[in-house]
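First comes the structure, then the notes that go with it.
2 protein chains.
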Amino acid sequence: MPRPKVPLLSADRIADAALELVDSGRPFGVNALARALGVTPSSLYNHVSGRDEIIELIRGRIAAQYLPDLPEGTWDDVVASTMRAQRRMYAEHPNAIPLIVGKTITDPFTIASYDNLATGLLGAGFPEGEVLTVVAILDSFALGFGLDLASPDDIWQPQGPTQTLGRLLAGAERGAARSDRAFEEGLELLLDSLRLRLSRLREDD
Amino acid sequence: MPRPKVPLLSADRIADAALELVDSGRPFGVNALARALGVTPSSLYNHVSGRDEIIELIRGRIAAQYLPDLPEGTWDDVVASTMRAQRRMYAEHPNAIPLIVGKTITDPFTIASYDNLATGLLGAGFPEGEVLTVVAILDSFALGFGLDLASPDDIWQPQGPTQTLGRLLAGAERGAARSDRAFEEGLELLLDSLRLRLSRLREDD
DNA sequence: ACCTGAACACCGTTCAAGT
DNA sequence: ACCTGAACACCGTTCAAGT
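Residue numbers (numbering that gives the first Met the number 0), protein chains in the order written: chain A, 0 to 204; chain B, 0 to 204.
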């Protein structure tokens, strides 16, 4: 069946199927994706440049869904809303995290979200030279918690006796509940300390 | 050359070569590792169960080097020292991060390090039900910054015009310097807010 | 006990051939 | 323009055969 009159594939259809494959929990790959699309692996190369571009399509798909509405309001509202949106995004597509992590971000929605964050921080009074650092901190935080979600239920598995860890682990919440609570508390901690930093900066004026 | 009198391989030798391969920046894999060891891939299976175990060996190797001395002192010294040790570990083996991330931790040195952290926080006055959450926050933080280091120089690459981000990126520090500064500042923020949290907890007494 | 070599079921990518 | 099929150089893992 070479060259059908109406194309079987498109970047859009590939993106949809790729995200579906990732979310299904089956291992992601070009060949597996082709199988899911009922097509030969080489067919995909008529529409995308390869594995990496498909992964960027996945990032774009997710970001378009969770990050299109740029939060407004006070700077700490912007920070909190942006972080929570990222959190929701990661929470509902945890299997995408290991794929998109550590790759340069070009997706417009994701860029716009960070841009909005930077603008908010700058407006709040954080100095030019510090805004990007704060954004990087927030990014690391979101990413770390994303990975926390994508991790196995038992992150720590002591093989021998411990002073404290083993006992706490035995009585601890598991999985998503633990991770959610840690995220909210961590977010509060970060906001508190950013407020502190800001008030110190204002004292210096 | 079957069954040499003195074995060519051992878990130790495999761990050494694996870390070396990872640090070299060449793609890590069982076959590539076997080549580096001058041996057939199947030979490795006489000493390790497979790829995953080799990766745990790498984690152990790194942890044994950076986390053997458990920091003492005030709780915030313990937190800062532990975070900085992890940071140094990631900084000097950035290519190991994508491999070890998201796998259950069994390595004794790593466990001992987190155990020490938990014990310190508990002693400082953080309630039982909260210690693990704080440890998870610190872990997420360290991991996020580890990934930040392993990431390409340009994490954000806007394709179009931006309000703030593009301008800040143009004047920003690059690579390790930026990441180091962000880490130190982020650590200060976290410590500040943990101190704040602790003082509030003490007020309630 | 510890290595090799063949074999298997996978990868991601390229490219000539077909319409 | 868009698909197939063959081909290539890789993966990780198993297992019989050799000493």
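Quick reminder that beta carbons are idealized off the backbone N, C-alpha and C, glycines included.
Item	Value
Buried or exposed (CB count within 10 angstroms, at least 16 for buried), proline 126 of chain B	exposed
Cutoff 8 Å: serine 150 of chain A Cβ touching any chain B Cβ	yes
Stretch pair the region 139 to 150 of chain B + the region 140 to 147 of chain A: three plus CB contacts closer than 8 Å	yes
For isoleucine 13 of chain A, three-class secondary structure by DSSP	helix
Per-residue DSSP class, three states only, for isoleucine 104 of chain B	strand
Contiguous alpha helix (DSSP H) assignments of at least 4 residues, all confined to the region 34 to 87 of chain A	40 to 43, 50 to 65
Residue from A:Phe182, A:Leu189, A:Asp153 whose Cα sits closest to the Cα of glycine 185 of chain B	A:Leu189
Residues that phenylalanine 140 of chain A contacts on chain B, provided the C-beta gap is smaller than 7 Å	Ser139, Phe140, Gly143
Cut-off 8 Å between Cβ atoms - residues of its own chain near alanine 149 of chain A, not counting five sequence neighbours on either side	Tyr89, Pro93, Asn94, Ile96, Pro97
Proximity below 8 Å, CB of isoleucine 53 of chain B to CB of alanine 17 of chain B	yes
Rounded Cβ spacing between phenylalanine 27 of chain A and alanine 63 of chain A (contact assumed at less than 8 Å)	Between alanine 63 of chain A and phenylalanine 27 of chain A the Cβ distance is about 19 Å, and since that is not below 8 Å, they are no contact.
Same chain, Cβ closer than 7 Å to alanine 123 of chain A, neighbours up to 5 away in sequence not counted	Trp74, Leu197
Cβ shell of aspartate 203 of chain B (< 6 Å), same chain only, five flanking positions each side left out	none
8 Å Cβ cutoff, leucine 200 of chain B in contact with chain A	no
Whether threonine 105 of chain A touches glutamine 156 of chain B by CB criterion (8 Å)	yes
Amino acids of chain B, ordered along the chain, whose beta-carbon sits closer than 7 Å to that of valine 130 of chain A	Leu167
Member of B:Asp191, B:Arg199, B:Glu187, B:Tyr113 whose CA lies at the smallest distance from the CA of threonine 163 of chain A	B:Tyr113
Straight-line Cα distance separating aspartate 153 of chain A from arginine 173 of chain A	8 Å
Straight-line Cα distance separating serine 9 of chain A from leucine 32 of chain A	13 Å
Chain B contact for tryptophan 155 of chain A (CB, 8 Å cutoff)	yes
Neighbour-count burial assignment, leucine 7 of chain A, 16 or more Cβ in a 10 Å radius	exposed
Proximity below 8 Å, CB of isoleucine 99 of chain A to CB of arginine 58 of chain A	yes
Close-in-space but distant-in-sequence residues of the same chain around aspartate 22 of chain A (CB under 7 Å, 5 per side omitted)	His92, Asn94
Assumed close pair valine 77 of chain B, asparagine 115 of chain B - CB separation to whole angstroms, cut-off 8 Å	7 Å
Buried or exposed by the 16-neighbour rule on C-beta atoms within 10 Å, applied to tyrosine 44 of chain B	exposed
Complete runs of the alpha helix (DSSP H) confined to the region 89 to 138 of chain A [at least 4 residues]	96 to 99, 107 to 123
Leucine 56 of chain B vs alanine 14 of chain B beta-carbon contact at 8 Å	yes
Cβ-Cβ distance between arginine 180 of chain A and alanine 171 of chain A below 8 Å	no
Arginine 166 of chain A: first and last residue of the uninterrupted alpha helix (DSSP H) it sits in	164 to 169
Under 7 Å (Cβ pairs) to chain A, residues found in the region 83 to 117 of chain B	Pro97, Val100, Gly101, Thr103, Ile104, Thr105, Pro107, Ile110, Tyr113, Asp114, Ala117
Closer than 8 Å at the beta carbon, the chain A residues around glutamine 158 of chain B	Thr105, Pro107, Ile110
Option nearest arginine 199 of chain B by Cα separation, candidates A:Arg201, A:Arg199, A:Asp191, A:Leu200	A:Asp191
Rounded separation between isoleucine 69 of chain A and serine 42 of chain B - CA only	Per the sequence presented here, residue 69 of chain A reads as leucine, with isoleucine not at that position. Each residue's Cα considered, the two are about 55 Å apart.
Chain-ordered neighbours of tryptophan 50 of chain A on chain B, where CB pairs are closer than 9 Å	A small fix is needed here, since residue 50 of chain A is arginine in this sequence, not tryptophan. Under the 9 Å cutoff, chain B gives no residues; its nearest Cβ is about 14 Å from arginine 50 of chain A.
Alpha-carbon to alpha-carbon, glycine 72 of chain B and alanine 135 of chain B	21 Å
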